[in-house]
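So for the sequence shown, our numbering puts the first residue at 2; every next one is plus one. Glycine residues also receive a C-beta, built at the ideal position from the N, C-alpha and C atoms.
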Amino acid sequence: VPKFLVNKDGSLGARNDAPCVSIEHKLGIKASPTAVLQFGDHGGAVGYLVGQENRGLEYMFIMMNAARYGVGLQGVAIAERAYQKAVQYAKDRVQSRPVDGSINASAAIIHHPDVKRMLMTMRAYTEGCRAMASTAVAAYDAAHHHPDAQVRKDNATFYEFMVPLVKGYSTEMSLEVTSLGVQVHGGMGFIEETGAAQYYRDAKILTIYEGTTAIQANDLVGRKTARDGGQSARAIATQIEKTEGELQASGTPAALAMARRLAAARQAYLDVVDFVCGGAKASPNAVFAGSVPYLMLAGNLVAGWQLGRSLLVAQDLLQKGQDEAFMRAKIATAQFYAEHILVKAPGLRDSIVEGAESVTALALDSF
Ligand SMILES: Cc1cc2nc3c(=O)[nH]c(=O)nc-3n(C[C@H](O)[C@H](O)[C@H](O)COP(=O)(O)OP(=O)(O)OC[C@H]3O[C@@H](n4cnc5c(N)ncnc54)[C@H](O)[C@@H]3O)c2cc1C
Numbered sequence: 002v003p004k005f006l007v008n009k010d011g012s013l014g015a016r017n018d019a020p021c022v023s024i025e026h027k028l029g030i031k032a033s034p035t036a037v038l039q040f041g042d043h044g045g046a047v048g049y050l051v052g053q054e055n056r057g058l059e060y061m062f063i064m065m066n067a068a069r070y071g072v073g074l075q076g077v078a079i080a081e082r083a084y085q086k087a088v089q090y091a092k093d094r095v096q097s098r099p100v101d102g103s104i105n106a107s108a109a110i111i112h113h114p115d116v117k118r119m120l121m122t123m124r125a126y127t128e129g130c131r132a133m134a135s136t137a138v139a140a141y142d143a144a145h146h147h148p149d150a151q152v153r154k155d156n157a158t159f160y161e162f163m164v165p166l167v168k169g170y171s172t173e174m175s176l177e178v179t180s181l182g183v184q185v186h187g188g189m190g191f192i193e194e195t196g197a198a199q200y201y202r203d204a205k206i207l208t209i210y211e212g213t214t215a216i217q218a219n220d221l222v223g224r225k226t227a228r229d230g231g232q233s234a235r236a237i238a239t240q241i242e243k244t245e246g247e248l249q250a251s252g253t254p255a256a257l258a259m260a261r262r263l264a265a266a267r268q269a270y271l272d273v274v275d276f277v278c279g280g281a282k283a284s285p286n287a288v289f290a291g292s293v294p295y296l297m298l299a300g301n302l303v304a305g306w307q308l309g310r311s312l313l314v315a316q317d318l319l320q321k322g323q324d325e326a327f328m329r330a331k332i333a334t335a336q337f338y339a340e341h342i343l344v345k346a347p348g349l350r351d352s353i354v355e356g357a358e359s360v361t362a363l364a365l366d367s368f
């Protein structure tokens, strides 16, 4: 539906009946104008069919799948920016004495354990989601360019499974991270001057456009899990189990902590995959009541798995004497993720498998 109609000789003709009647006022992403277009109020807009009739949705999904991955990355990017800003502020803002008495005067707030907890949460979520997105896109490359047809097929299946996780989990986590970014700034976070609030406002669109989190979760439940009877979902769990074995063999406290939490999260995930596959047809309301929690569990597990892999690489490079501070930070961040974020997986499993009824129990007129 072009803005201007084009004459037969290629010159610009009359305006099409599709004017922009206003610009929306939005919560965030204000530098990206969203227009209200009015179609056909003055005689009818002219549109042209692109491609074949009835294949529009199929064509649209080529763009949509790439866009969903891209929006997931926007989540990682805005979370990283919020983290960097929060670290800067936490090192600068002086408030209260440290509880351990290490400084006998008010100190920068980064000395307080709860501020460290917030910064570690921001960092761990962001690194986990970035690692998940990188693994997904490496599979995309292999799916298109690997010489072996079977490897291409396996990677295509893996990538397809990852898309709702990268979109859904990374964007939901970006909301938590940008909210924590505001919290680290205290009252100044609520004041626009610091810029922390803008990340929070801008992040909110990410869980909405290119399909809301619930739509990603429907995709994960229907097309990505139930359709092949849970085969792709379980294949990922098998790969995770292999990483657990490598972590166990490494035997360091950080690797053992990660192996233990990964195993519990993987078991929780497998229980949910069984629940989804067993109930998708017979009790759809029960399964879809837990669709978003399932997406969060799967995203949490896969991001944690990638941090488990990065922990092993960092340990190895540390032993070889490479970039000590960086490697130690990788290991500490992975252990934090295991002990503070991966641990949420068994709780999500309980909500999904045992808590479906209370989601739908209330009669409509009781709302
Ligand atoms: C700033 C901005 C820019 C945009 N840009 C574009 C663009 O360039 N191109 C474009 O085509 N669109 C664009 N959109 C539209 C955007 O993709 C949709 O708003 C979004 O996909 C949600 O659809 P909806 O608004 O119809 O919400 P609804 O579908 O009405 O959803 C409302 C609520 O119901 C839930 N819900 C709906 N259906 C289901 C279901 N089946 N199962 C479970 N829950 C469900 C949703 O998760 C949500 O919580 C834009 C929107 C905004 C705000």
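Compute the Euclidean distance between the alpha carbons of Gly305 and His43, then round it to the nearest angstrom.
56 Å
Distance cut 5 Å, beta-carbon to ligand 1 heavy atom: residue list by chain order
Thr35, Tyr210, Thr213, Ala215
Run through the stretch 202 to 243 for me and flag every whole alpha helix (DSSP H) of 4 or more residues, listed as ranges in chain order.
214 to 220
Between Ala339, Gly73, Glu25, Asp142, which lies nearest to Leu248 when the distance is taken from Cα to Cα?
Ala339
For Asn55, count the other beta carbons within 10 Å of its own beta carbon; 16 or more makes it buried, fewer makes it exposed. Which is it?
exposed
Determine the extent of the beta strand (DSSP E) in which Leu38 is found, giving its start and end residues.
36 to 38
Would Met64 be called buried (16 or more neighbouring beta carbons within 10 Å of its own) or exposed?
exposed
Arg131 (DSSP reduced to helix, strand or coil):
helix
So what's Ile30 in DSSP terms, helix, strand or just coil?
coil
Cβ-based neighbour list, Tyr295, same chain, cut-off 7 Å, excluding 5 preceding and 5 following:
Ala218, Leu221, Val222, Val273, Val277, Ile353
Skipping 5 residues on each side, what residues in its chain have a beta carbon closer than 7 Å to that of Asn66?
Val164
With distance defined between alpha-carbon atoms, name the residue in Gly48, Val51, Ala19, Ile216 nearest to Ala36.
Ala19
Report yes or no: do the stretch 183 to 192 and the stretch 238 to 253 share at least 3 C-beta pairs separated by less than 8 Å?
no
What would DSSP say about Arg16, mapped onto helix, strand or coil?
strand
Enumerated in chain order, which unbroken segments of the alpha helix (DSSP H) with a length of 4 residues or greater are wholly contained in the stretch 129 to 190?
150 to 185
What residues in its chain sit with their C-beta under 7 Å from that of Ala134, if we drop five residues either side in the sequence?
Gly73, Leu74, Val77, Val167, Ser171
Which of helix, strand or coil does DSSP assign to Ile24?
strand
May I ask which residues mark the beginning and end of the alpha helix (DSSP H) holding Leu313?
292 to 320
Cβ-Cβ distance between Ala335 and Gly300 below 8 Å:
no
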